[in-house]
Structures are given as structure tokens and as C-alpha cells.
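Working notes, structure below.
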Amino acid sequence: MIGLIAFSLIPLISAFVISMMNWDGMGAKKFIGLQNFISQLQDEEFHIALVNTVYYTILSVPTGIILAMLVAVGLNRVRGKILYRLIYFMPNITMSVAVAVVFMWLFNADFGLINMYLQQWFGITGPSWLTDSRYVMPSIALLSVWMGLGGNMVLFLAGLQGISRSYYEAAEIDGAGKWQQLIHITIPLLSPTTFFVTIMSIIGSFQVFDQSFVMTSGGPAKASYTLVYHIYETAFADFTFGKSTASAVILFVMILSLTLFQMKMSKRWVHYED
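Under our numbering, the first residue of the sequence shown carries the number 587, and numbering increases by one thereafter.
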């Protein structure tokens, strides 16, 4: 209880208070009510950041969930799954900044490995991944999917191990193939795990910052400018901490609303094994 109050409730209340202040982080605070919220909701840069964040979420979340589930299903009956689990999980515990630096080299338009292999294997001249506004967000999403694959895969593996083998044996007796078992047994009974992974992935995607900050600095032309990047820039570049905190509160309300909506909708598609 003390930890909840000290590390959650007090910072949350402080954020709400600061969001209603005109404050540069050092001088005196001046109460201005909801003016910071109105300013941010009307700010074009906030709109750009919101659109980019939603676009990133659409790219990264479904892709990451589907790939993690497929990998988990593939590894579920493989010998030595502990070794594979470790290999796939390694990117998840690697510092995001270090991974971003490596991917900057991979995505380099002139001497990066990705464009080099595209040219050698397919005769395709690769695009400028990080300097072309059309490709920069998909590139960042790809990095994030790679980093998060292992963690989600481990969760799906745990969910698979909780499914009774008797369901598959009964399906085999009825003549169901592997694909039918996947569609009618595995995916429905994995829905609680899928629900949890979806919620955590969406929360994480709305807080994306490191990749954009390290790889592109929000560019080109703000094509990778995200909500958390906007919060950072408003606070530590513009020194308008009231506006920055207001943006953070808006982001908190958005994430909370999405989570509550998903929990409400989960009754329609999440199936728990009796």
C-alpha cells in the first residue's frame, strides 16, 4: 500500500496539478486551469504525434502478436524448446538504445545490410528507410516487433502448455487436421493470453520513444514524431512543463480508455477453459 501511494498515486496527482500550471520547470508556478489541455488539443504538432502513434500501433501490434503466436505454436512441440526460448527472448532484454543503433546501420541506405541483400539477391535498389517519410515508421515498427517477439512468444508458450492435450486427441479422432485444430482449438483457448498480450502491446506502442529519438530524432518531416516524443520535446526543448504534463495526462486518459474498452469487449471473444 505504501509503495502504491508513493510511486503511483502521488506522482499521478502531482501530474494533474502541474498540468494546470504555467511552469518552466524552475520559476514560480501559475495556475491557469485547463488552458494547457486546450492548447495541446489544438496544437498541430500534437495532432501529428497522435496520428503517427496510432499508425505505429496499427503496424506493430497485430504483426507482433501474430508472429509471436505462430512462433510459439511452432516451438511448442519442438525438442530443446528452452534453448529456442532463450534465443528468441534475448532481444527482449537488450537495451533498446543499443538495438536502435544497430538497426540504424542495418537500415542505412548506402551501406546497410538490408539494402545490400535486396540488391544482391533480388536486384532491387532499397529505399532510404530512415530518411523517407513513407518508410520510416514501418522501419521503426519492424524493429519493435523484433524486440518484443521473444517476450510475447514466451507468454503464448505458457498459454499453449495450459491447453489440455485431450482436446487435440478428440479432434484427431474426429478427423480434424492440424489447421482445423489451430483454428478451432488453439486460437480460441489462447484468447486469454492473446487478450493480455494485446493490452500490453497497445500500452507499449502508445509509449514508443527510444527508437524514434535515437534513429530519426522524430524526422524526417516529423514522420516519426510520436506522442511521448512530443511530451519530451515540449518539456525539455520548449521548457513548458505544464503543457508537457497536460499531454502526458491526455496520453494516460487515452491508454486507460482503450484498456477499459478492450476489457469490456473481451467478453465477446475471450474464452476461458472450464
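For each residue, glycine too, the CB sits at the ideal point set by N, CA and C.
Using only the alpha-carbon positions, how far apart do residue i and residue j sit?
i       : j       : result
Leu-627 : Ile-817 : 13 Å
Tyr-858 : Gln-766 : 19 Å
Asp-760 : Ala-727 : 41 Å
Val-722 : Val-835 : 27 Å
Asn-622 : Glu-631 : 14 Å
Ser-787 : Val-647 : 6 Å
Val-794 : His-633 : 16 Å
Leu-846 : Phe-602 : 20 Å
Ala-684 : Met-801 : 11 Å
Ser-798 : Gly-666 : 36 Å
Ile-618 : Leu-837 : 20 Å
Ile-769 : Ile-644 : 23 Å
Ser-803 : Ser-725 : 14 Å
Thr-812 : Glu-819 : 10 Å
Gly-744 : Leu-672 : Per the sequence shown, residue 744 should be read as Ala rather than Gly. Looking at the two C-alpha atoms, the distance is approximately 14 Å.
Ala-756 : Ile-668 : 28 Å
Val-688 : Ala-762 : 45 Å
Ser-614 : Ile-789 : Inspection of the sequence shows that residue 614 is occupied by Ala rather than by Ser. Ala-614 and Ile-789: Cα-Cα distance of roughly 34 Å.
Asn-701 : Asp-629 : 37 Å
Ile-841 : Val-640 : 12 Å
Phe-693 : Leu-699 : 7 Å
Ser-600 : Lys-616 : 15 Å
What are the boundary residues of the alpha helix (DSSP H) that residue i is part of?
i       : result
Leu-728 : 722–747
Asn-622 : 621–627
Ile-872 : Since the first residue shown for the chain is 587 and the last is 860, residue 872 is missing from the structure and cannot be characterised.
Asn-638 : 630–661
Ile-596 : 596–604
Just mark residue i as buried or exposed, buried being the case when its beta carbon has 16 or more other beta carbons within 10 Å.
i       : result
Lys-829 : buried
Asp-796 : buried
Met-849 : exposed
Trp-691 : exposed
Gly-589 : exposed
Trp-715 : buried
Gly-748 : exposed
Gly-709 : exposed
Ala-592 : exposed
Ser-750 : exposed
Leu-636 : buried
Val-839 : exposed
Ser-810 : buried
Tyr-815 : buried
Please tell me whether residue i and residue j are closer than 8 Å, where the distance is taken between their beta carbons.
i       : j       : result
Leu-776 : Met-655 : yes
Thr-717 : Ala-695 : yes
Ser-791 : Tyr-642 : yes
Phe-827 : Trp-609 : yes
Ile-651 : Thr-780 : yes
Asn-662 : Leu-746 : yes
Ser-730 : Ala-807 : no
Pro-778 : Gly-736 : no
Met-606 : Val-657 : no
Val-903 : Leu-741 : The requested residue 903 is not part of the displayed model; the chain covers only 587 to 860.
Met-733 : Ser-682 : yes
Thr-772 : Val-664 : no
Gln-706 : Gly-712 : no
Thr-831 : Ile-624 : no
Does any residue of chain B bring its CB to less than 8 Å from the CB of residue i?
i       : result
Ile-624 : You won't find chain B in this structure, because it holds only one protein chain.
Quiz item: Could you give the uninterrupted runs of the alpha helix (DSSP H) lying entirely in the stretch 760–837, keeping only those of 4 residues or more?
Solution: Runs of the alpha helix (DSSP H) spanning 4 or more residues and lying entirely within the stretch 760–837 occur at 764–767, 777–791, 796–801 and 813–822, in chain order.
Quiz item: What runs of the alpha helix (DSSP H), each 4 residues or longer, lie entirely inside the stretch 689–713?
Solution: Listed in chain order, the complete alpha helix (DSSP H) runs (minimum 4 residues) inside the stretch 689–713 are 699–708.
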